[in-house]
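A.B. asks:
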Amino acid sequence: MLNLDKLFTNYNIHQFNEELITWFNREKRDLPWRHAKNPYRVWVSEVMLQQTRVDTVIPYYNRFMERFPTIETLAAAETDEVVKYWEGLGYYSRIRNLHEAVKEVASVYDGVVPEEKERFEKLKGVGPYTTGAVLSIAYNQPEPAVDGNVMRVMSRQFGIYDDIALPKTRKIFEQVVRRLMDPAHASDFNEGVMELGATVCTPKNPMCSLCPVQETCYAFAHNVQDELPVKTKKGAARVEMYDALWIEKKGKVAYVQRPDKGLLAGMWQYPLTERGTGEQVNGTYLGQVKHVFSHIVWYIDLYRVDTLPTDNVVWLDASERETKTVSVAQQKLERLAGGERETI
DNA sequence: AAAGCGGGGGT
DNA sequence: ACCCCAGCTTT
1 MLNLDKLFTN
11 YNIHQFNEEL
21 ITWFNREKRD
31 LPWRHAKNPY
41 RVWVSEVMLQ
51 QTRVDTVIPY
61 YNRFMERFPT
71 IETLAAAETD
81 EVVKYWEGLG
91 YYSRIRNLHE
101 AVKEVASVYD
111 GVVPEEKERF
121 EKLKGVGPYT
131 TGAVLSIAYN
141 QPEPAVDGNV
151 MRVMSRQFGI
161 YDDIALPKTR
171 KIFEQVVRRL
181 MDPAHASDFN
191 EGVMELGATV
201 CTPKNPMCSL
211 CPVQETCYAF
221 AHNVQDELPV
231 KTKKGAARVE
241 MYDALWIEKK
251 GKVAYVQRPD
261 KGLLAGMWQY
271 PLTERGTGEQ
281 VNGTYLGQVK
291 HVFSHIVWYI
301 DLYRVDTLPT
311 DNVVWLDASE
321 RETKTVSVAQ
331 QKLERLAGGE
341 RETI
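My numbering numbers the first residue of the first sequence as 1 and each following residue consecutively.
1) The alpha helix (DSSP H) with Gln349 in it runs from where to where?
2) Helix, strand or coil for Leu308, going by three-state DSSP, please let me know.
3) Between the C-alpha atoms of Leu210 and Leu196, what's the straight-line distance to the nearest angstrom?
4) Counting only runs of 4+ residues fully inside the stretch 19 to 78, write out the alpha helix (DSSP H) ranges in chain order.
5) Ignoring anything shorter than 4 residues or poking outside the stretch 209 to 274, list the alpha helix (DSSP H) runs there in chain order.
6) Using a Cβ distance threshold of 8 Å, determine whether the stretch 236 to 243 contacts the stretch 287 to 297, with at least three qualifying pairs required.
7) Along the chain, where does the alpha helix (DSSP H) that runs through Thr323 open and close?
8) Taking Leu20 and Val193 to be in contact with their CB atoms under 8 Å, please state how far apart those CB atoms are, rounded to whole angstroms.
9) Excluding the 5 residues preceding and the 5 following Val230 in the sequence, name in chain order all residues of the same chain whose CB lies nearer than 6 Å to its CB.
10) Ser136: buried (16+ other C-beta within 10 angstroms of its C-beta) or exposed?
11) Can you give me the Cβ contacts of Pro32 inside the same chain, cut-off strictly under 8 Å, excluding the 5 residues immediately before and after it?
12) Can you name, in chain order, every residue of its own chain whose Cβ lies under 6 Å from the Cβ of Arg34, other than the five neighbours on each side?
13) Comparing the CB of Pro142 with every heavy atom of the ligand ADP, is any distance shorter than 7 Å?
14) Which residues mark the beginning and the end of the beta strand (DSSP E) in which Leu286 is found?
15) With C-beta atoms as the reference, is Val326 less than 8 Å away from Trp268?
16) Is Cys299 helix, strand or coil when you go by DSSP?
17) Among Glu18, Asn17, Asp80, which one has its Cα closest to the Cα of Glu320?
18) Select from Val83, Glu191, Ser107 the residue whose C-alpha is nearest the C-alpha of Pro142.
19) Count the other C-beta atoms from every protein chain shown that fall within 10 angstroms of the C-beta of Tyr255, then say buried if there are 16 or more, exposed otherwise.
20) Which residue's Cα is closest to the Cα of Gln350: Gly90, Asp30, Asn38?
21) Kindly list the residues whose CB is nearer than 7 Å to the CB of Thr88, restricted to its own chain and excluding five residues on each side of it in sequence; keep chain order.
22) Give the DSSP-derived three-state secondary structure of Val313 in the structure shown.
23) Thinking C-alpha only, which one of Lys28, Lys233, Val105, Gln15 is nearest Ala198?
24) Mind checking which residues open and close the alpha helix (DSSP H) that includes Val177?
25) May I have the straight-line CA-CA distance separating Gly338 from Leu316, to the nearest angstrom?
26) Out of His99, Val47, Lys84, which one is the CA nearest neighbour of Glu72?
27) Would you report the Cα separation of Lys332 and Asn97, rounded to the nearest angstrom?
28) To which residues does DSSP link Val326 through a beta bridge?
29) In whole angstroms, give me the CA-to-CA distance for Asn38 and Gly251.
30) I'd like the list of long-range same chain contacts for Gly283, defined as Cβ closer than 6 Å, with 5 residues on each side in sequence excluded.
31) Pick helix, strand or coil for Gly197, following the three-state DSSP scheme.
32) Would you please state the rounded distance, in angstroms, between the beta carbons of Gln257 and Val213? I believe it to be under 8 Å.
33) If you draw a straight line from the alpha carbon of Ala165 to that of Ala133, how long is it in whole angstroms?
34) Once you ignore the five residues that flank Gly201 on each side, which residues in its own chain have a CB closer than 7 Å to its CB?
35) To the nearest angstrom, how far is it from the Cα of Val82 to the Cα of Ala318?
36) Tell me the DSSP secondary structure of Pro183 in three-state form.
Here's what the structure looks like:
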């Protein structure tokens, strides 16, 4: 454990806050969740932004808020429709948890996002980061909101070499933030550090010449920006091979629903079998799709076949298919099948 | 503490 | 090819 007192010896806390917040208020990007700011909008944006880039989130956020502008509209909606608005965004447990949490806020807290930390942090899908982000950004409470940006900025600012891949390291940065943050400007502080990490203090080639807190930065002073933060890397993703079946009869296509737990829970797809586990596919080979997850790589061979592989299929016409939620891997397969259909 | 969980963009 | 992103839950 590192010595906080030592870290802050001769460190100008006031200068950091002053420069950061002045910079943030001058340079901050115009983002949808910074308009008509309220706790619900902040919360939705923070969940969408988990492990997901701002540019990816923006169109999803706008569509989502247009359809579910309030706690009440989201709480009243069917899960299937809500999940459909998340299609393509990934980490689908986020939206199932958010929907359940919002329903709880509607029923238990009368539709008001709880301001008490011990209540908010117990909601589904709300972890340490989201707790700090919502309480600080929406309610201006002096809580740390430590994400990858914050760990990168702080590791450089203070020369902290702890491995940010380890869960316990986040707590160190929370202590640093608690000590550094001007409690009167919690919202601007947290958003400002993240904005700095996203736009200036980037993982590769940080733009130190543009940095408002260059003067107080350990990494800049010692020219070690490129070795911070320290992060151990994970092993390579495993490879899995599948056969997918495109079966179309009288304008309807066979689909199966994935199990309600695990990878892509509950989502719809063509019948899919792990290669080599069943009998040889008897059909026309249409091509291969590659799909990369963070921990798995899928190679899927697509076949057009005439026979039913399993009795668990559901036959969907085009409009029925539209309402189902599918993974991007499935979208790639359908594109392949669609291109093939035109040649028939 | 480690693994599971999506997808995309930057270098 | 590798990195990593406004992380949380389960094991």
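For every residue, glycine included, the Cβ atom is placed at its ideal position computed from N, Cα and C.
C.D. replies: Working from what's here:
1) Past the boundaries of the shown model lies residue 349; the chain is included only from 1 to 344, so the question cannot be answered.
2) coil
3) 10 Å
4) 39 to 48, 54 to 67, 71 to 76
5) If we require 4 residues or more, the alpha helix (DSSP H) runs fully inside the stretch 209 to 274 come out as 218 to 222.
6) Contact holds: three or more Cβ-Cβ distances are below 8 Å.
7) Per DSSP, the unbroken alpha helix (DSSP H) holding Thr323 starts and ends at 318 to 323.
8) 7 Å
9) Tyr161, Asp163
10) Ser136 should be labelled buried.
11) Result list for Pro32: Ser45, Ile58, Tyr61, Asn62, Met65, in chain order.
12) none
13) Although the ligand ADP was asked about, the structure shown includes no ligands whatsoever.
14) 284 to 292
15) yes
16) As written in the sequence, residue 299 is Tyr, which differs from the Cys given in the question. Three-state result, Tyr299: strand.
17) Asp80
18) Among Val83, Glu191, Ser107, the Cα nearest to that of Pro142 is on Glu191.
19) buried
20) Only positions 1 to 344 of the chain appear in this structure, which leaves residue 350 out of reach.
21) In the sequence on display, residue 88 carries Gly and not Thr. Correct list, in chain order: Val328.
22) In the structure shown, Val313 sits in coil (DSSP, three-state: anything other than H, G, I, E or B).
23) Lys28
24) 169 to 180
25) Cα-Cα distance, rounded: 15 Å.
26) His99
27) It is roughly 27 Å from the alpha-carbon of Lys332 to the alpha-carbon of Asn97.
28) Trp268
29) 46 Å
30) Tyr303, Arg304, Val305
31) helix
32) With a Cβ gap of about 50 Å, Gln257 and Val213 do not count as contacting.
33) 20 Å
34) According to the sequence provided, residue 201 is Cys. The question's Gly does not apply to it. These residues qualify, in order along the chain: Arg152, Val153, Arg156, Cys211.
35) 20 Å
36) helix
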